[in-house]
């Protein structure tokens, strides 16, 4: 009597009939097709509003479809038991071998994993401390020039540089690489003053502030502290960018160490451990701020203002202001956990204000006392759907906010009757546009340009209406230079774009790096300083012919 085996519906079939069922049934195929169609739908629709979520849904849908087929093959198919066992053993061995050989080194902005051999040491762990040459001169950061890019996002913290006209033709006049060097990990950007460039980087267990010569890349000095922040999704090293002011350098590391350094040689003038000050125990900061402290210090009068924070679920301070010359705490303000944005100085209603995008709101503060002038909800979570992008003051009474993770953009109108309290009113809000995950927008003549989930987009600032959306650059960064945009693509390419309200034209591009790049650009005159988590480079950009001729004549 032939051996009987259970079928899908629980009945028993003779072995001969079982062996004849070598193709999945219509019901099994229908389930697989439905799952795959759901994947296609998720990728084509705008419902998720986040590339990372779309990729997670894609992985989940494909995994479930594969599991349905595998379960059918192993339990319900008509293949011989030996064949099924061999396939199962082969799959198990392949998965085990892959797990033994490879690890997820990091993920992209859309959570696409990048693999590396398990035995490979991260480049930042193999880099020595940079040594200056024997003929080293002190860095003169007290002298300023018209080319200076002294803080995060440029002179005005608005991702815009004026006073320079780039050539639109990179075919005839190609950008020229001046130097390239290995650098420690981190998402910090360069700043540059008087021919010297500074950044923050991670080398092994040392979190560093480093100074290089702009034109040669030659190290000038390095200051280090034993600290390290590392997560799979966020990467390794410091995220904040140095601020140069009156010959001094102010930095905040990923682990909350605030430094004031002598710009000449990197000597520590004063420092403060914000995690210790605000009650965050060692190793527990990720419970409240998962991806490291990212604030770039803001200088306001005699103060240096930084995002402060606190323990998860405990008392938090949104902002802290220190006397810039001594490090003495002057004021604390706000009660929200920090975000990944940096404080911003603006004037609204004729009143100077420090704007702070916090974990789940935006607040405005009196620069002298820290007193809260107004607040408005801006949902987010510093361990889930973080606020990263800078607030933008569009006019004397309007502030623009934007974020990724499905958040979109919001335009606020700030009102005040006489000397009464400030009030906020939403002018427009959209979840479809300006989903600026890690990046910031550039505003020009009433239009906002930004990377919305990795695609360049133009939005009318008055109405929130999208004008166009084109050009996939990933989760990179923007810098406005006159009428042009320089785009640091996530892939490592640098792209020059003519962005207008009616259209976008890509004028040229070159490959700065082969690896993922989230760092902002720094433009010092015609010299473009770029970096990622492994390399740094400087490119001389061609200027408009007329302007170039004037400069050459002056020289």
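In the working numbering, the protein residues as written are 6 to 560.
Glycine residues also receive a C-beta, built at the ideal position from the N, C-alpha and C atoms.
List the endpoints of the continuous beta strand (DSSP E) containing residue i.
| i | result |
| --- | --- |
| residue 534 | 532-536 |
| residue 68 | From DSSP, residue 68 is part of no beta strand (DSSP E) but of the alpha helix (DSSP H) over 56-76. |
| residue 403 | 403-408 |
| residue 279 | Unbroken run through residue 279 is the alpha helix (DSSP H), 279-282; no beta strand (DSSP E). |
| residue 231 | 224-231 |
| residue 239 | No beta strand (DSSP E) contains residue 239, which DSSP labels as neither H nor E. |
| residue 521 | Note, residue 521: premise wrong, no beta strand (DSSP E); not H, not E. |
| residue 246 | Unbroken run through residue 246: none, as it is neither H nor E. |
| residue 372 | Looking at the DSSP string, residue 372 is not in any beta strand (DSSP E), and its letter there is neither H nor E. |
| residue 111 | 107-112 |
| residue 399 | 397-400 |
| residue 117 | Residue 117 -> no beta strand (DSSP E), and no H or E assigned at all. |
Going by the DSSP bridge assignment, what does residue i pair with across the sheet?
| i | result |
| --- | --- |
| residue 509 | 504 |
| residue 93 | DSSP output for residue 93 lists no bridge partner at all. |
| residue 413 | 408 |
| residue 540 | 187 |
| residue 201 | 198 and 218 |
| residue 419 | 429 |
| residue 498 | 516 |
| residue 267 | 253 |
| residue 548 | 171 |
| residue 235 | 241 |
Between the options, which lies nearest to residue i when the distance is taken from Cα to Cα?
| i | options | result |
| --- | --- | --- |
| residue 256 | 218, 290, 221 and 304 | 304 |
| residue 325 | 280, 295 and 356 | 280 |
| residue 405 | 35, 431 and 391 | 431 |
| residue 433 | 463, 514, 468 and 445 | 468 |
| residue 41 | 537, 201, 66 and 101 | 66 |
| residue 272 | 284, 313, 252 and 206 | 252 |
| residue 148 | 250, 81, 56 and 215 | 250 |
| residue 55 | 115, 200 and 503 | 115 |
| residue 295 | 142, 32, 239 and 27 | 239 |
| residue 524 | 370, 494 and 507 | 494 |
| residue 129 | 118, 420 and 211 | 211 |
| residue 112 | 121, 246 and 87 | 121 |
Distance check for residue j and residue i, CA to CA, integer angstroms please.
| i | j | result |
| --- | --- | --- |
| residue 4 | residue 351 | This structure gives no information on residue 4, because the portion of the chain shown stretches from 6 to 560. |
| residue 275 | residue 260 | 17 Å |
| residue 309 | residue 109 | 38 Å |
| residue 357 | residue 372 | 7 Å |
| residue 72 | residue 64 | 12 Å |
| residue 511 | residue 501 | 6 Å |
| residue 35 | residue 409 | 35 Å |
| residue 219 | residue 197 | 7 Å |
| residue 543 | residue 228 | 22 Å |
| residue 170 | residue 514 | 17 Å |
| residue 517 | residue 168 | 24 Å |
| residue 482 | residue 527 | 11 Å |
| residue 388 | residue 100 | 31 Å |
| residue 549 | residue 146 | 29 Å |
| residue 74 | residue 37 | 8 Å |
| residue 185 | residue 69 | 45 Å |
| residue 297 | residue 237 | 12 Å |
| residue 345 | residue 151 | 29 Å |
| residue 466 | residue 436 | 14 Å |
| residue 107 | residue 58 | 24 Å |
| residue 539 | residue 189 | 6 Å |
| residue 13 | residue 209 | Low confidence applies to residue 13: its pLDDT is 48, below 50, so where it sits in the model is not reliable enough to give any reading. |
| residue 312 | residue 415 | 22 Å |
| residue 546 | residue 46 | 43 Å |
| residue 300 | residue 79 | 53 Å |
| residue 452 | residue 477 | 19 Å |
| residue 487 | residue 447 | 11 Å |
| residue 226 | residue 187 | 16 Å |
| residue 103 | residue 118 | 14 Å |
Hey, quick one: how far does the alpha helix (DSSP H) through residue i stretch, first residue to last?
| i | result |
| --- | --- |
| residue 46 | 31-49 |
Length at least 4, wholly inside the stretch 128-170: the alpha helix (DSSP H) runs in chain order: 128-131
Runs of alpha helix (DSSP H) lying entirely within the stretch 273-359, each at least 4 residues, in chain order: 279-282
Residue ranges of each beta strand (DSSP E) within the stretch 436-492, 3 or longer: 447-449, 452-457, 460-465, 471-477 and 482-486
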